[in-house]
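Student:
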Amino acid sequence: MPSDAVNPIALLAASLRLTAVPSAVATSRMFVRHTLTRWRFEEHTDVATLVMSELVTNAVKASGTTDPHPKPWQIKAEHVIGIQLRAIEASLYVEVWDRINTAPVRQNPTLEDTSGRGLLLLDELVKRWNVYHPPVGGKVVWAELPLGVPLEPPPFDREHVPLMLPPGIRASRGPVEEQARTALFDQLLKTTVDAVISTRVNDAT
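Written out as structure tokens, the structure is:
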């Protein structure tokens, strides 16, 4: 095989930009179930849905409005989050962008506290998680879940049914929506390049 031959890396990815309001949490769960069913990774749905819920809840608290029934004038153009699912090699990644640079901090809730356990739960559910600060600003909090076997793209022999989102939950086009789109693509590109380099190094040894 020529030394410059490229061995393709199997990759699946899907993303959405949502308005940063509490109902985005339920929508993100719909997105996970819809996407993993299409990819035929149903066995990972429960954990991935829970992880996505936690990350989106934190993103909405950090960068959106927490009013459960916000009025239209309470929702600003900057109230945007981005969510992404990505499968590569033997891992499934759950990724959430928000416009606030500050990384989430683990808390030590007491038995009486009703919140603050999200990152502790994340530690128990995922292989690893971290925060990436893309060049366009904000942060992507990502979590890695093992698939168990190397990824082989499923045959898409089913008719693709688009995900029907509730009215008003999809983020409107604008600078922050574009920032979210670019940040998630940057995360996808960076980690895919890392995977290609890792594969070439392993093939060479």
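Residue numbers (this note's numbering): 2 to 206. Even for Gly, the Cβ is constructed at its ideal location relative to N, Cα and C.
1) For my contact list, Ala-49 and Leu-93 are in at a C-beta cut-off of 8 Å; report their separation, rounded to the angstrom.
2) Can you tell me whether Asn-102 is helix, strand or coil according to DSSP?
3) Check this for me: beta carbons of Ile-10 and Val-197, under 9 Å apart or not?
4) What span of residues does the beta strand (DSSP E) with Ser-173 cover, start to end?
5) Quick one: grab the DSSP three-state call for Arg-41.
6) If we ignore side chains and look at the alpha-carbon of each, how far apart do Leu-86 and Thr-103 end up?
7) Relative to the alpha-carbon of Pro-69, which residue among Ala-25, Pro-135, Gln-180 and Gly-138 has its alpha-carbon at the smallest distance?
8) Tell me whether Trp-98 is buried or exposed, calling it buried when 16 or more other Cβ atoms sit within 10 Å of its Cβ.
9) Count Cβ pairs between the stretch 171-190 and the stretch 37-49 that sit closer than 8 Å; are there 3 or more?
10) Out of curiosity, what's the CA-to-CA distance linking Asp-114 and Val-57?
11) State the beta-bridge partners of Ser-16 as determined by DSSP.
12) Note down, in chain order, each residue of its chain lying with its Cβ closer than 6 Å to the Cβ of Arg-129, except the 5 sequence neighbours on either side.
13) Please look up how many angstroms separate the CB atoms of Ala-15 and Thr-38, rounded, as I've assumed it's under 8 Å.
14) Alpha carbon to alpha carbon, how far is Leu-164 from Arg-30?
15) Here's the rule I'm using: 16 or more other beta-carbon atoms within 10 Å means buried, otherwise exposed. How should His-134 be labelled?
16) So Thr-20 and Ile-89 are supposed to be a Cβ contact under 8 Å. How far apart are they, rounded?
17) Would you report the Cα separation of Ile-76 and Thr-66, rounded to the nearest angstrom?
18) Check whether the Cβ atoms of Arg-100 and Ser-54 sit closer than 9 Å, and answer yes or no.
Tutor: In brief:
1) The C-beta distance from Ala-49 to Leu-93 rounds to 6 Å, short enough to meet the 8 Å contact threshold.
2) Correct three-state label for Asn-102: coil.
3) Less than 9 Å separates the beta-carbon of Ile-10 from that of Val-197.
4) Taken as a continuous stretch (DSSP letters only), Ser-173 belongs to no beta strand (DSSP E), as it is neither H nor E.
5) Arg-41: coil per DSSP, three-state reduction.
6) C-alpha separation (whole angstroms): 22 Å.
7) Minimum Cα distance to Pro-69 is reached at Ala-25.
8) Looking at its Cβ environment, which holds 16 or more other Cβ atoms inside 10 Å, Trp-98 is buried.
9) No contact exists between the stretch 171-190 and the stretch 37-49.
10) Note on Asp-114: pLDDT 43, under 50, position unreliable in the model; no value is reported.
11) Bridge pairing for Ser-16: Gln-85 [DSSP].
12) Contacts found: Glu-145.
13) About 12 Å separates the beta carbon of Ala-15 from that of Thr-38, a gap too long to meet the 8 Å contact definition.
14) Between Leu-164 and Arg-30, the C-alpha separation is close to 12 Å.
15) His-134 is exposed by the Cβ-count criterion.
16) The C-beta distance from Thr-20 to Ile-89 rounds to 28 Å, too long to fall under 8 Å, and the pair is not in contact.
17) Straight across, the Cα-Cα distance linking Ile-76 with Thr-66 is about 7 Å.
18) Not a contact, by the Cβ cut-off of 9 Å.
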